[in-house]
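Student: Below are the structure tokens for one structure; questions will follow.
Protein chains: 2
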Amino acid sequence: MSAPTMEEVARRANVALSTVSYALNGTRPVSEETRMRIWAAMDELGYQPHALARGLASKRSRIIALLFPALSRGFGATELEFVTAAAEAAQSRGYHLVLWPMEIHGVGDLQQLIRQSLVDGVLVMEVRLNDERIELLRRIGVPFSIIGRPAAPSDIGFADIDFEQTTRDAVTYLVGLGHRQIAFLNHAEESFNAGYGPSVRAAAGFEQVTRAAGLTPISRFCGDTALAGREVFEELIRAHPKVTALATMNERATVGVMQAAAERGWRIPDDLSIVSLVSSARVAEMTLPPLTAMTPPSAELGQLGVETLIDQLEEDNHELVQRLLPCRLVVRGSTGPSPDPALRSHPKSVPPQGPTG
Amino acid sequence: MSAPTMEEVARRANVALSTVSYALNGTRPVSEETRMRIWAAMDELGYQPHALARGLASKRSRIIALLFPALSRGFGATELEFVTAAAEAAQSRGYHLVLWPMEIHGVGDLQQLIRQSLVDGVLVMEVRLNDERIELLRRIGVPFSIIGRPAAPSDIGFADIDFEQTTRDAVTYLVGLGHRQIAFLNHAEESFNAGYGPSVRAAAGFEQVTRAAGLTPISRFCGDTALAGREVFEELIRAHPKVTALATMNERATVGVMQAAAERGWRIPDDLSIVSLVSSARVAEMTLPPLTAMTPPSAELGQLGVETLIDQLEEDNHELVQRLLPCRLVVRGSTGPSPDPALRSHPKSVPPQGPTG
DNA sequence: AGCCTTCGTCGAAGCGCTTCGACTATACGC
DNA sequence: GCGTATAGTCGAAGCGCTTCGACGAAGGCT
Numbered sequence: 001m002s003a004p005t006m007e008e009v010a011r012r013a014n015v016a017l018s019t020v021s022y023a024l025n026g027t028r029p030v031s032e033e034t035r036m037r038i039w040a041a042m043d044e045l046g047y048q049p050h051a052l053a054r055g056l057a058s059k060r061s062r063i064i065a066l067l068f069p070a071l072s073r074g075f076g077a078t079e080l081e082f083v084t085a086a087a088e089a090a091q092s093r094g095y096h097l098v099l100w101p102m103e104i105h106g107v108g109d110l111q112q113l114i115r116q117s118l119v120d121g122v123l124v125m126e127v128r129l130n131d132e133r134i135e136l137l138r139r140i141g142v143p144f145s146i147i148g149r150p151a152a153p154s155d156i157g158f159a160d161i162d163f164e165q166t167t168r169d170a171v172t173y174l175v176g177l178g179h180r181q182i183a184f185l186n187h188a189e190e191s192f193n194a195g196y197g198p199s200v201r202a203a204a205g206f207e208q209v210t211r212a213a214g215l216t217p218i219s220r221f222c223g224d225t226a227l228a229g230r231e232v233f234e235e236l237i238r239a240h241p242k243v244t245a246l247a248t249m250n251e252r253a254t255v256g257v258m259q260a261a262a263e264r265g266w267r268i269p270d271d272l273s274i275v276s277l278v279s280s281a282r283v284a285e286m287t288l289p290p291l292t293a294m295t296p297p298s299a300e301l302g303q304l305g306v307e308t309l310i311d312q313l314e315e316d317n318h319e320l321v322q323r324l325l326p327c328r329l330v331v332r333g334s335t336g337p338s339p340d341p342a343l344r345s346h347p348k349s350v351p352p353q354g355p356t357g
Numbered sequence: 358m359s360a361p362t363m364e365e366v367a368r369r370a371n372v373a374l375s376t377v378s379y380a381l382n383g384t385r386p387v388s389e390e391t392r393m394r395i396w397a398a399m400d401e402l403g404y405q406p407h408a409l410a411r412g413l414a415s416k417r418s419r420i421i422a423l424l425f426p427a428l429s430r431g432f433g434a435t436e437l438e439f440v441t442a443a444a445e446a447a448q449s450r451g452y453h454l455v456l457w458p459m460e461i462h463g464v465g466d467l468q469q470l471i472r473q474s475l476v477d478g479v480l481v482m483e484v485r486l487n488d489e490r491i492e493l494l495r496r497i498g499v500p501f502s503i504i505g506r507p508a509a510p511s512d513i514g515f516a517d518i519d520f521e522q523t524t525r526d527a528v529t530y531l532v533g534l535g536h537r538q539i540a541f542l543n544h545a546e547e548s549f550n551a552g553y554g555p556s557v558r559a560a561a562g563f564e565q566v567t568r569a570a571g572l573t574p575i576s577r578f579c580g581d582t583a584l585a586g587r588e589v590f591e592e593l594i595r596a597h598p599k600v601t602a603l604a605t606m607n608e609r610a611t612v613g614v615m616q617a618a619a620e621r622g623w624r625i626p627d628d629l630s631i632v633s634l635v636s637s638a639r640v641a642e643m644t645l646p647p648l649t650a651m652t653p654p655s656a657e658l659g660q661l662g663v664e665t666l667i668d669q670l671e672e673d674n675h676e677l678v679q680r681l682l683p684c685r686l687v688v689r690g691s692t693g694p695s696p697d698p699a700l701r702s703h704p705k706s707v708p709p710q711g712p713t714g
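Protein chains in written order, with my numbering: chain A, 1 to 357; chain B, 358 to 714.
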């Protein structure tokens, strides 16, 4: 009834307990013949090594923790995909992934968990440029790798979206459509100032690519709500009436922009093009028209994050893995050739559907 | 440097190792005074019990697994919220939650994981009415509880959305707005036939509430894509031109419906009301207008699922917990008073923005 | 031939905890 | 008063595994 132990395997294969262990882990050489006998015994018994016992004896639990901010802003389908991919990657390397949803504010909570010696390492999501958590983790002395990267990611493994490249790609695409006045809708100013990586890096990328294209960078901070999106958009259009395209960092605000555009009679993409800088397909397809968007490689990031960590745990001279992945452009219905902005203020058609919410 | 052990605590408190254990777990009486000394020693050392050792010795790992279908249909923000809540609930009861993303097709994979004795129990998401997984789990002999419920949930703990009630509530709300021809947009027929719980139960609820209100139930199956939504909507309106309100089961199709409605010049909610039967706020706010929706109690479900399982693990005479939670109606912009359908076919305003995708 | 490695195996000592049986001292019943 | 619980503590035996040291046999070197 209860699970077979290594001892039973050993008896059945007529070898010592330790030999079974060596055969299982390849820790010491075992003759071809013996190994065969042991394997046979194992699967006749349906043997699976006892994870806790193995962990206790070897001081390596083969469990890693995924640290993610509970109930955080902007958590959605993308993150789920990420988490799933991480769990799968862990599983395929023989590890387990535990979820530790928490905000870390002091060394306390986390240290308490770490001290339980349940996990070999920690994977951290959503890292800011100067994230205190990194210092904390280092002080605690637990192996970790991160998704996102701090300002100076000198000696830690990470995997992150290449926001600069993503923004450049998006803007380049808009320029290719003939747009010349392109605005960038960032996250809230507080995020930017707090060093939130996506915000800071995308801004840098935008600045860079517009300058390189000989254009004037126009950008705005904007809270992550539809209302903020509307307000900022209105102000933006008043200040820069010739803007024909928008690259946006946050989806809720984007919806607000679309509302506001509709209210002033602008059609998307005829009168205004919008490209969302980081949107999963699921979300991008919810709007009308569906959003042309840069889609984050969530699954790859999750996988990469886990592998970076595990490599670090297993190899002694772990070469640091640090990887940047750009988002992939998926053209949907929200982008088109640049209109002549002058012909736009009084749209060819009619007043659109008013706000209803 | 390395974590303190129970032995060090014992030495420091001048008691036997076992006494520390008793003090920690309350397994046997320990005098007030001794207990104080032990506590003091513990937090001077920053002691945390070693999870693996504890698990090995007690045969209870205090780890539970969340089994969820990898890369499944319809996975999004709602599910993430659910997972987060589950992890938090586990944590607050002193448990850890590991993620096991997998499709179970045979007893094989799962049994292999179970045999590692890593987890005390399993929480299963997304259960169909006649889910083979339940039989499997029972055969494997691992404690489990489920989110969703099978056709005859006689003796297993579960937590589920009350789809019947939710649908009734939604339709009642529409009826209250004056709608008399209300259609129900279900998931795909295959899901229904496969016994997918939400699909089957919502259908039952719809049938019931419409009949009770003296209305004729109109319903359609519909694939989970915008295209399917458009097609089914067109067919529906041709067959039942007087339909003024829709209760929809799936978000992608809903977007298709909104497109199709816009194409024929219908405004939402002036010409057509839509209530989404299971939508998280995040998604419902992405559309234009934002969707009035029944919002699932994801967090509560996650928490309830975990607690059901843990109760079952800890109490000997575990009274079976079986709970149904209805979704909460959140009115947004997609519902309004019933129009006179006769006045609708040639809408007051203009041809809307065409399809762009 | 003699010596040193390497291969293949065994037995035993833990890893850090829980739990069982045993023991002492005190309280209780009648 | 004596048997009998009960509170409070201890020591030791595991839980199922990894890993260390040891040892014989086989092979390579000079």
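Glycine included, every Cβ here is placed at the ideal spot set by N, Cα and C. For clarity, every value in this text was computed on a predicted model and none was experimentally measured.
1) Tell me the start and end of each unbroken beta strand (DSSP E) in the region 186-241 of chain A that is at least 3 residues and wholly inside, in chain order.
2) Is GLY55 (chain A) close to chain B, meaning its C-beta is less than 8 Å from at least one C-beta of that chain?
3) Do you know whose CA, among B:SER418, B:ASP517, B:TYR553 and B:VAL566, lies nearest THR529 (chain B)'s CA?
4) Nearest chain B C-beta to LEU320 (chain A) closer than 8 Å, yes or no?
5) Within its chain, find whatever has a CB closer than 6 Å to the CB of PRO654 (chain B); leave out the 5 residues flanking it on each side and keep chain order.
6) In whole angstroms, give me the CA-to-CA distance for LEU494 (chain B) and TRP457 (chain B).
7) Please report the straight-line C-alpha distance between MET606 (chain B) and LEU288 (chain A), rounded to a whole angstrom.
8) Could you check how far apart the C-beta atoms of ALA65 (chain A) and GLY305 (chain A) are, in whole angstroms? I think they sit under 8 Å.
9) Are there 16 or more other CB atoms within 10 angstroms of the CB of GLN469 (chain B), so buried, or fewer, so exposed?
10) Kindly give me the distance between the Cβ atoms of THR649 (chain B) and THR692 (chain B), rounded to whole angstroms, as I take these residues to be in contact under 8 Å.
11) On the DSSP letters alone, give me the boundaries of the beta strand (DSSP E) that ALA152 (chain A) sits inside.
12) Check each residue of the region 632-647 of chain B: if its Cβ is closer than 8 Å to any Cβ of chain A, include it; give the result in chain order.
13) Provide the residue(s) that pair with ALA293 (chain A) in DSSP beta bridges, ordered along the chain.
14) Under 9 Å Cβ-Cβ, which residues of chain A neighbour GLU608 (chain B)?
15) For ASP517 (chain B), does the three-state DSSP call read helix, strand or coil?
16) Quick check: LEU17 (chain A) and GLU33 (chain A), are their CB atoms within less than 8 Å of each other?
17) Roughly how many angstroms separate the alpha carbons of GLY148 (chain A) and GLY205 (chain A), rounded to a whole number?
18) Does DSSP put VAL387 (chain B) in a helix, a strand or coil?
19) DSSP three-state call for GLN679 (chain B): helix, strand or coil?
20) So, for GLN165 (chain A): in the same chain, excluding its five sequence neighbours on each side, which residues have a beta-carbon less than 8 Å away from its beta-carbon?
21) Expressed to the nearest angstrom, what Euclidean distance is found between the alpha-carbon atoms of GLN448 (chain B) and ALA86 (chain A)?
22) According to DSSP, simplified to helix, strand and coil, what is LEU454 (chain B)?
23) Mind checking which residues open and close the beta strand (DSSP E) that includes THR308 (chain A)?
24) What are the boundary residues of the alpha helix (DSSP H) that THR19 (chain A) is part of?
25) Pick out whichever of B:ARG595, B:ARG624, B:SER474 and B:VAL635 has its Cα sitting closest to the Cα of ALA610 (chain B).
26) Below 8 Å CB to CB, which residues in the same chain sit around ARG37 (chain A) once its five sequence neighbours on both sides are set aside?
27) Please list, in chain order, all residues of the same chain as GLY178 (chain A) whose beta carbon is under 8 Å from its beta carbon, the five residues on each side excluded.
28) With H, G and I counted as helix, E and B as strand and the rest as coil, what does DSSP make of THR248 (chain A)?
29) Helix, strand or coil: how does DSSP classify VAL640 (chain B) here?
30) May I ask which residues mark the beginning and end of the alpha helix (DSSP H) holding VAL366 (chain B)?
31) Listing by chain order, which chain A residues have their CB less than 7 Å from the CB of VAL455 (chain B)?
32) Spell out whether any CB of chain A is found under 8 Å from the CB atom of ARG472 (chain B).
33) Is the beta carbon of ALA151 (chain A) less than 8 Å from the beta carbon of GLY108 (chain A)?
34) From GLU591 (chain B) to ARG685 (chain B), what distance separates their C-alpha atoms?
35) Can you check whether the C-beta of LEU185 (chain A) is within less than 8 Å of a C-beta belonging to chain B?
36) Which bits of chain A does PHE408 (chain B) rub up against, with CB to CB less than 7 Å?
Tutor: Result, derived from the coordinates:
1) 218-220
2) Sequence index remark: in the first sequence, residue 55 (chain A) carries index 55 (1-based). At least one chain B Cβ lies under 8 Å of GLY55 (chain A).
3) For this step, residue 529 (chain B) is matched to residue 172 along the second sequence. Taking only the C-alpha atoms, the option nearest THR529 (chain B) is B:VAL566.
4) Translated into the one-based positions of the first sequence, residue 320 (chain A) becomes position 320. It does not; no Cβ of chain B falls within 8 Å.
5) For the purposes of this step, residue 654 (chain B) is taken as residue 297 along the second sequence, with counting starting at 1. Within the same chain, PRO654 (chain B) has close Cβ partners LEU682.
6) Here residue 494 (chain B) refers to the residue found at position 137 of the second sequence. Here residue 457 (chain B) refers to the residue found at position 100 of the second sequence. If you take the alpha carbons of LEU494 (chain B) and TRP457 (chain B), they lie about 14 Å apart.
7) On the second sequence, position 249 is the one that residue 606 (chain B) refers to. On the first sequence, position 288 is the one that residue 288 (chain A) refers to. In a straight line, the C-alpha of MET606 (chain B) is about 19 Å away from that of LEU288 (chain A).
8) By 1-based counting over the first sequence, the position of residue 65 (chain A) is 65. By 1-based counting over the first sequence, the position of residue 305 (chain A) is 305. Actually they are not in contact, since the Cβ atoms of ALA65 (chain A) and GLY305 (chain A) sit about 12 Å apart, beyond 8 Å.
9) Counting from 1 along the second sequence, the entry for residue 469 (chain B) is found at position 112. The residue in question, GLN469 (chain B), is exposed, as its Cβ has fewer than 16 Cβ neighbours within 10 Å.
10) As a first step, residue 649 (chain B) must be located in the second sequence, where it is residue number 292. As a first step, residue 692 (chain B) must be located in the second sequence, where it is residue number 335. Confirmed, Cβ separation roughly 4 Å.
11) As a position in the first sequence, residue 152 (chain A) is number 152, starting the count at 1. Element bounds for ALA152 (chain A): n/a, residue is neither H nor E.
12) ARG639, VAL640, GLU642, MET643, THR644, LEU645, PRO646 and PRO647
13) The sequence position of residue 293 (chain A) within the first sequence is 293, counting from 1. Bridge partners of ALA293 (chain A): A:SER276 and A:VAL330.
14) Numbered from 1 along the second sequence, position 251 holds the residue referred to as residue 608 (chain B). What GLU608 (chain B) touches in chain A: ARG282 and MET286.
15) What you label residue 517 (chain B) is simply residue 160 of the second sequence in a count that begins at 1. Reduced to three states, the DSSP call for ASP517 (chain B) is strand.
16) Counting from one through the first sequence, the residue named residue 17 (chain A) turns up at place 17. Counting from one through the first sequence, the residue named residue 33 (chain A) turns up at place 33. No. Outside cutoff.
17) Stepping through the first sequence from its first residue, residue 148 (chain A) is reached at position 148. Stepping through the first sequence from its first residue, residue 205 (chain A) is reached at position 205. For GLY148 (chain A) and GLY205 (chain A), the distance between alpha carbons rounds to 16 Å.
18) One-based indexing of the second sequence puts residue 387 (chain B) at position 30. The answer is coil: DSSP assigns VAL387 (chain B) none of H, G, I, E or B.
19) The residue you call residue 679 (chain B) lines up with position 322 of the second sequence. Strand at GLN679 (chain B).
20) Working through the first sequence from its first residue, we reach residue 165 (chain A) at position 165. So the list reads GLY205, LEU324 and PRO326, once near-sequence residues are dropped.
21) Locating residue 448 (chain B) in the second sequence gives position 91, counting from the first residue. Locating residue 86 (chain A) in the first sequence gives position 86, counting from the first residue. Taking the straight line from one Cα to the other gives about 20 Å.
22) Along the second sequence, one-based indexing puts residue 454 (chain B) at 97. LEU454 (chain B) falls in the strand class under three-state DSSP.
23) Counting from one through the first sequence, the residue named residue 308 (chain A) turns up at place 308. Run containing THR308 (chain A): none in the beta strand (DSSP E); it sits in the alpha helix (DSSP H), 298-314.
24) Numbered from 1 along the first sequence, position 19 holds the residue referred to as residue 19 (chain A). 17-25 is the span of the alpha helix (DSSP H), which, as asked, contains THR19 (chain A).
25) Counting from 1 along the second sequence, the entry for residue 610 (chain B) is found at position 253. Comparing Cα-Cα distances from ALA610 (chain B) to each of B:ARG595, B:ARG624, B:SER474 and B:VAL635, the minimum goes to B:VAL635.
26) Here residue 37 (chain A) refers to the residue found at position 37 when the first sequence is read from its first residue. Within the same chain, ARG37 (chain A) has close Cβ partners ALA13, ASN14 and VAL15.
27) Within the first sequence, residue 178 (chain A) is the residue found at index 178, counting from 1. Taken in chain order, the residues that qualify are PRO337 and SER338.
28) The residue given as residue 248 (chain A) occupies position 248 in the first sequence. It is a strand residue.
29) Taking the second sequence and counting its residues from 1, the one referred to as residue 640 (chain B) is at position 283. In this structure, VAL640 (chain B) counts as helix in the three-state DSSP scheme.
30) Position 9 of the second sequence, counted from the start, is the residue given in the question as residue 366 (chain B). 363-370 is the extent of the alpha helix (DSSP H) around VAL366 (chain B).
31) Taking the second sequence and counting its residues from 1, one reaches residue 455 (chain B) at position 98. Result: HIS96, LEU97 and VAL98.
32) For the purposes of this step, residue 472 (chain B) is taken as the residue at position 115 of the second sequence. Closer than 8 Å: yes.
33) As a position in the first sequence, residue 151 (chain A) is number 151, starting the count at 1. As a position in the first sequence, residue 108 (chain A) is number 108, starting the count at 1. In this structure, GLY108 (chain A) does not lie closer than 8 Å to ALA151 (chain A) by Cβ.
34) Within the second sequence, the letter at position 234 stands for residue 591 (chain B). Within the second sequence, the letter at position 328 stands for residue 685 (chain B). Rounded to the nearest angstrom, the two C-alpha atoms are 29 Å apart.
35) Mapped onto the first sequence, residue 185 (chain A) falls at position 185. Not one chain B Cβ lies under 8 Å of LEU185 (chain A).
36) In the second sequence, the residue the question calls residue 408 (chain B) occupies position 51. The identity of residue 408 (chain B) in the sequence shown is Ala, whereas the question assumes Phe. Correct list: GLN116, SER117 and LEU118.
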